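Q: In terms of my numbering, the sequence shown opens at residue 2 and continues consecutively.
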Amino acid sequence: MTTKVLVVYATKNWSTAEIARTITEVLCKEGVEAELRRVSEVGDVLAYDAVVLGSPLYAGRWHKDARRFVRRNARALAETPVWLFSSGPLDASAGERDIPPVPAARRALVRLDAREHVTFGGCLTEGAKGWAARMIVRSGKGGDFRDFERISAWAQHIGATLHGENAVPPEGP
Numbered sequence: 002m003t004t005k006v007l008v009v010y011a012t013k014n015w016s017t018a019e020i021a022r023t024i025t026e027v028l029c030k031e032g033v034e035a036e037l038r039r040v041s042e043v044g045d046v047l048a049y050d051a052v053v054l055g056s057p058l059y060a061g062r063w064h065k066d067a068r069r070f071v072r073r074n075a076r077a078l079a080e081t082p083v084w085l086f087s088s089g090p091l092d093a094s095a096g097e098r099d100i101p102p103v104p105a106a107r108r109a110l111v112r113l114d115a116r117e118h119v120t121f122g123g124c125l126t127e128g129a130k131g132w133a134a135r136m137i138v139r140s141g142k143g144g145d146f147r148d149f150e151r152i153s154a155w156a157q158h159i160g161a162t163l164h165g166e167n168a169v170p171p172e173g174p
């Protein structure tokens, strides 16, 4: 039986979308049928065997579209294997230590009985949308802190778990 996974994300400046795309590509290489969608494009999650949901962090909060997605689909998601990720720290901290989920991600983790949550480094570069984002970049505090090797290892772990292997989470920070 083929496992069908929805990799769904909220995004503002497309950094989280690129993380979700990487996860989708790795899952497909692992033999999982994975479909990539923005949260606003998803109607019914019942057609999927598992869900990976990602959200950027802004001022320590999950993106409103990710929070709405969880509320709108809570009942179906609670009956489906779910993995959560956040992207956001604009420094090396996500690669150095485990960063606990922000409140909305923590609530989703508990409410959905999600398998796990991980925080990846974020990316904020020239051309970012939003006044605050532009100010961060102008002040020299932006940059790309995503670790695609770590992201890929996490996606491989999800693939192995879905294949029923005794998958140990990848070495964290």
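Backbone N, C-alpha and C define an ideal beta-carbon position, used for all residues, glycine too.
All values derive from a computational prediction rather than experimental measurement.
Just to confirm the assignment, what range does the alpha helix (DSSP H) spanning LEU113 have?
A: Where LEU113 is concerned, there is no enclosing alpha helix (DSSP H), given that its DSSP letter is neither H nor E.
Q: If we count the other Cβ atoms within 10 Å of its Cβ and call it buried at 16 or more, is PHE146 buried or exposed?
A: Result: buried.
Q: Select from GLN157, GLY122, GLY165 and MET136 the residue whose C-alpha is nearest the C-alpha of THR25.
A: GLN157 is the residue among GLN157, GLY122, GLY165 and MET136 whose C-alpha sits nearest the C-alpha of THR25.
Q: Could you tell me which residues DSSP pairs with PHE86 in its beta bridges?
A: PHE86 pairs with GLY55 and VAL119.
Q: Candidates THR23, LEU78, ALA21 and LEU28: which alpha carbon is nearest ALA48's?
A: Nearest of THR23, LEU78, ALA21 and LEU28 to ALA48, Cα basis: LEU78.
Q: Under the rule that 16 or more other beta-carbon atoms within 10 Å means buried, what is SER140, buried or exposed?
A: exposed
Q: Less than 8 Å between the CB atoms is what I'm expecting for GLY131 and LYS13, so what's the real figure, rounded?
A: Confirmed, Cβ separation roughly 7 Å.
Q: Smallest Cα separation from TRP63: which of PRO101, GLY165, GLY160 and LYS142?
A: PRO101
Q: To the nearest angstrom, how far is the alpha carbon of GLU31 from that of GLY160?
A: 6 Å
Q: Mind pulling the alpha helix (DSSP H) runs of 4 or more residues that sit fully within the stretch 11-68?
A: 16-30
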